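Encoded as structure tokens, the structure appears first; notes follow it.
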Amino acid sequence: MSSAELISALRDAHQAHLCVQLQNEDHWQALMAQASVSLGAVPLGKLVDSDSLTTVVDQWLQQALSAQGLQTVVSDVSKAVWEAAEKDPATVGELLSEDHFEAILEQVLKLQTLREKAIHAAMSHPLVSEMVSEMLYTGIKNFLLEENALAKLPGVSSVMKMGRKSMVGKAMGGMEESIRDYLRKNIRVTLRTGEQWLNKQLTNERIEQLARDGYQRVAPLKPANYLKLVPAGTIDEVVSQGCAIGDETARLDYTRRLVSVGIHAAVHSLSDMPLQTLLDGMKISEDQVRQITAPALARGARVLIEQGVLEPFIQWVLDDFYQSAACKAAIEKING
Numbered sequence: 001m002s003s004a005e006l007i008s009a010l011r012d013a014h015q016a017h018l019c020v021q022l023q024n025e026d027h028w029q030a031l032m033a034q035a036s037v038s039l040g041a042v043p044l045g046k047l048v049d050s051d052s053l054t055t056v057v058d059q060w061l062q063q064a065l066s067a068q069g070l071q072t073v074v075s076d077v078s079k080a081v082w083e084a085a086e087k088d089p090a091t092v093g094e095l096l097s098e099d100h101f102e103a104i105l106e107q108v109l110k111l112q113t114l115r116e117k118a119i120h121a122a123m124s125h126p127l128v129s130e131m132v133s134e135m136l137y138t139g140i141k142n143f144l145l146e147e148n149a150l151a152k153l154p155g156v157s158s159v160m161k162m163g164r165k166s167m168v169g170k171a172m173g174g175m176e177e178s179i180r181d182y183l184r185k186n187i188r189v190t191l192r193t194g195e196q197w198l199n200k201q202l203t204n205e206r207i208e209q210l211a212r213d214g215y216q217r218v219a220p221l222k223p224a225n226y227l228k229l230v231p232a233g234t235i236d237e238v239v240s241q242g243c244a245i246g247d248e249t250a251r252l253d254y255t256r257r258l259v260s261v262g263i264h265a266a267v268h269s270l271s272d273m274p275l276q277t278l279l280d281g282m283k284i285s286e287d288q289v290r291q292i293t294a295p296a297l298a299r300g301a302r303v304l305i306e307q308g309v310l311e312p313f314i315q316w317v318l319d320d321f322y323q324s325a326a327c328k329a330a331i332e333k334i335n336g
């Protein structure tokens with residue numbers, strides 16, 4: 001057999017062997033077991049260079065990452081999930097247990113400063129000013145008209161006795177601008193008083209009471225009933241806007257800085273944590289990982305082979321060696 005024929009036969013046998021192995025669950029089990037042995041007690045953070053990883057991710061964010069390329073897929077997935085949720089009988093109480101609700105509430109109660117700032121921002125908003133002003137005006141107007149308060153003013157009662165009640169409405173109309181002008185000038189004081197009242201009323205005890213009462217009211221409700229109220233086409237629009245916003249946000253210096261800090265922090269956090277320690281913290285064993293992952297990897301390899309994807313790739317990888325000068329020299333040396 002010539003050197004070329006021997007090389008070709010070895011490569012074909014190697015390729016066939018790998019195709020069989022990659023579809024075998026035991027092979028993946030052995031690979032993962034060996035990887036675990038090789039890693040040993042080496043901390044995971046020591047296996048990664050945080051600066052290199054940060055550089056790659058940063059370049060990806062700036063140049064390559066675009067959620068809009070996946071917009072159709074994201075939209076299809078979102079609609080499928082949404083439609084399934086519309087038919088699901090699960091209640092709010094099943095999705096958020098009372099224990100978890102209490103844990104969240106405990107954290108929320110610690111945010112007093114943020115709560116006060118949020119109240120201040122809300123009460124300072126022009127829309128709130130307009131709403132409160134309109135509410136006050138409507139209340140004053142209704143009081144004057146419905147309670148006949150104007151009739152008690154000197155001179156008005158005598159007019160009403162003469163059968164001219166319509167004069168009351170006209171008098172109110174004449175006062176409208178004066179009332180509105182007064183409210184506009186004093187609305188800030190009114191809102192400041194409202195803000196102080198809210199801060200005084202919304203104690204931790206009061207918030208706990210309101211939150212628990214709210215939870216008990218919504219716990220039996222089914223989210224599906226409310227999801228059905230969302231107009232058709234909303235998901236596509238939200239996905240489109242979300243992808244565009246995501247692309248723009250990814251390229252912001254702010255985002256890149258935070259991602260960089262996060263990567264360095266993650267690597268540092270893992271710098272003293274071997275794989276076994278990480279798995280123990282996740283309450284999962286290496287055996288469980290292998291039992292879950294190995295069958296999936298074997299099935300995945302089988303699908304790739306059936307689709308004609310994996311074998312050409314394996315052949316390309318093997319050709320790098322079997323067609324090399326080093327391989328040819330070794331075979332020719334053996335053949336003499």
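Counted the way our numbering counts, the sequence shown spans residues 1 to 336. Even for Gly, the Cβ is constructed at its ideal location relative to N, Cα and C. These numbers were taken from a predicted model, which means no experiment stands behind them.
C243 and V74 - do their beta-carbons sit closer together than 9 Å?
yes
In the segment 20-60, which residue ranges form an unbroken alpha helix (DSSP H) of at least 4 residues, counting only runs that do not cross its ends?
25-39, 50-59
Return yes when the Cβ of C19 is within less than 9 Å of the Cβ of I292, no when it is not.
no
Counting only runs of 3+ residues fully inside the segment 284-313, write out the beta strand (DSSP E) ranges in chain order.
none
Within 10 Å of its beta-carbon, does I334 have 16 or more other beta-carbons around it, so buried, or fewer, so exposed?
By the C-beta density criterion, I334 is exposed, having fewer than 16 other C-beta atoms within 10 angstroms.
Around the Cβ of M1, are there at least 16 other Cβ atoms within 10 angstroms (buried) or fewer (exposed)?
exposed
Spatial neighbours of A298 within its chain, please: CB distance less than 8 Å, with the 5 preceding and 5 following residues excluded, ordered by chain position.
L22, Q23, N24, E25, H27, W28
Are there 16 or more other CB atoms within 10 angstroms of the CB of V239, so buried, or fewer, so exposed?
buried
If you reduce the DSSP assignment to three classes, tell me which class T91 lands in.
coil
Are there three or more Cβ pairs, one per stretch, closer than 8 Å when the segment 47-56 is compared with the segment 259-275?
yes
Report all residues from its chain with a CB closer than 7 Å to the CB of I331; omit the five preceding and five following residues, and keep chain order.
Answer for I331: S3, L6, I7, listed in chain order.
In this structure, how does DSSP classify D181 when only helix, strand and coil are distinguished?
helix
Taking S50 as the reference, which of Q276, L270, M131 has the closest Cα?
L270
Leaving aside the five residues before and after V77 along the sequence, list all residues of the same chain whose C-beta is less than 8 Å from its C-beta, in chain order.
none
Give the range of the alpha helix (DSSP H) segment to which M123 is assigned.
Unbroken alpha helix (DSSP H) run through M123: 112-123.
Once DSSP output is grouped into helix, strand and coil, what is the label at D99?
helix
At the level of alpha carbons, what is the spacing between G163 and E208?
With a pLDDT of 47 at G163, under the threshold of 50, the modelled position of this residue cannot be trusted; read the value that follows with caution. Straight-line Cα distance between these residues: approximately 56 Å.
Please state the DSSP three-state secondary structure of T203.
coil
Note down the Cα distance separating R11 from Q315, rounded to an integer number of angstroms.
8 Å
Starting from the Cα of P295, find the closest Cα among L31, A16, Q307 and give me that residue.
L31
Round the Cβ separation of E134 and A224 to the nearest angstrom and send it over; I've been treating them as touching at under 8 Å.
A Cβ-Cβ separation of about 37 Å leaves E134 out of contact with A224 under the 8 Å criterion.
For the alpha helix (DSSP H) that K328 lies in, which residues bound it at each end?
325-335
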